[in-house]
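Asks: Quick note on my numbering: the sequence shown kicks off at 7 and runs consecutively.
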Amino acid sequence: MTTPSPFDASTPLAREVADITRRRLALAAETFPLPDQARVFTVANQKGGVGKTTTAVNLAAALAQSGARVLVIDLDPQGNASTALGVEHRSDTVSVYDVIINDVPMRDVVQRSPEFEGLDCIPATIHLAGAEIELVSMVAREQRLRSALETYIAESENPPHYVFIDCPPSLGLLTINAFVAAKEVLIPIQCEYYALEGLSQLLNNIKLIERHLNPELAVSTILLTMYDSRTNLAHQVVEEVREHFPDEVLDTLIPRSVRISEAPSYGQSVISYDLNSPGSLSYREAAAEIARRGVRKQEEN
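(1) Strictly by DSSP, which residues pair up with Phe47?
(2) Can you list, in chain order, the residues of its chain whose CB lies under 6 Å from that of Leu77, leaving out five sequence neighbours each side?
(3) With a Cβ-Cβ cutoff of 9 Å, do Val110 and Arg150 count as a contact?
(4) Is Thr99 helix, strand or coil when you go by DSSP?
(5) Helix, strand or coil for Asp104 per DSSP?
(6) Among Ala201, Glu203, Tyr200 and Asn210, which residue has its Cα nearest to the Cα of Val191?
(7) For the putative contact between Pro270 and Gly285, defined by C-beta atoms under 8 Å, what is the C-beta separation to the nearest angstrom?
(8) Can you give the Cα-Cα distance for Ile107 and Val63, rounded to whole angstroms?
(9) Let me confirm a value: Lys213 is counted as buried when at least 16 other C-beta atoms fall within 10 Å, else exposed. Which label applies?
(10) Indicate whether Lys58 and Ala50 have their beta-carbon atoms separated by less than 9 Å.
(11) On the CB-based measure, 16 or more other CB atoms within 10 Å of its CB, does Leu239 come out buried or exposed?
(12) Relative to the C-alpha of Asp172, which candidate in Tyr158, Thr157, Asp280 and Ile193 has its C-alpha closest?
(13) Would the beta-carbon of Leu65 fall within 9 Å of that of Ala292?
Pasting the structure below:
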């Protein structure tokens, strides 16, 4: 019996290589449309371990790599987004904590990420862990991030096209600040058992914030992450989520990927760590889809 060559077009490896090549060439030929005004996303999910920070960082990097100006606001005390973007966030670093609690202007806190030109980050430090308690007694406590961000955008000579706010996996005052500051919510959902667990509560909370604090807030984007095409469960989760949210779910699926997991340990997004890996291609395709949808919605309005 003859062993098929890996270069035989009928082998799984050859088909995978051909698919990656096709996707890479399609992305290289595409120009991402830019929005007329800043699109502010809160990346949120009360459930931990769904790829929230990974999604915020890699979508931001993909859009910056395509030529957009992007700002990532790290609102998680763990500072994982800051780490992944290679920006300083030691305990003595001026951070988003100082913006929210001490009224430090955002322009004094923004750091340029070494990842790509046009990619900036407002880092988080461990001090943010105490911000929830300090905010309780403050005036307009839910509006503090929004006020600072609006001032930053209005005063910037070259304001960002996109802002991604990475939230902690809980619904406290930090996350409420993020929801009030944004117009769009991006929810990553992992393609695993219990994927929709807690989602109804998150959506109810978003509706409450929309009703009482931010009437412009809406869930615009749902991204399915950690997809394993070899399992029936993943296919079932995709079908179920798309059935519930046909307009919000992106066509792009983010696969389980060693490269995606490795990149943060090098202080990088997967976009700069391995540009043409399947995980990087998927995030770049998701970013392109977000860019196209945004411009299409602007035209409709």
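Just so you know, even glycine gets a beta-carbon here, dropped at the ideal spot from N, CA and C. Only a predicted model underlies this, so the values are computations on that prediction, with no experimental measurement involved.
Replies: Considering the structure as presented:
(1) Phe170 and Glu190
(2) Asp126, Pro166 and Val169
(3) no
(4) coil
(5) helix
(6) Asn210
(7) Contact doesn't hold; Cβ gap of about 12 Å is too wide.
(8) 24 Å
(9) exposed
(10) yes
(11) exposed
(12) Ile193
(13) yes
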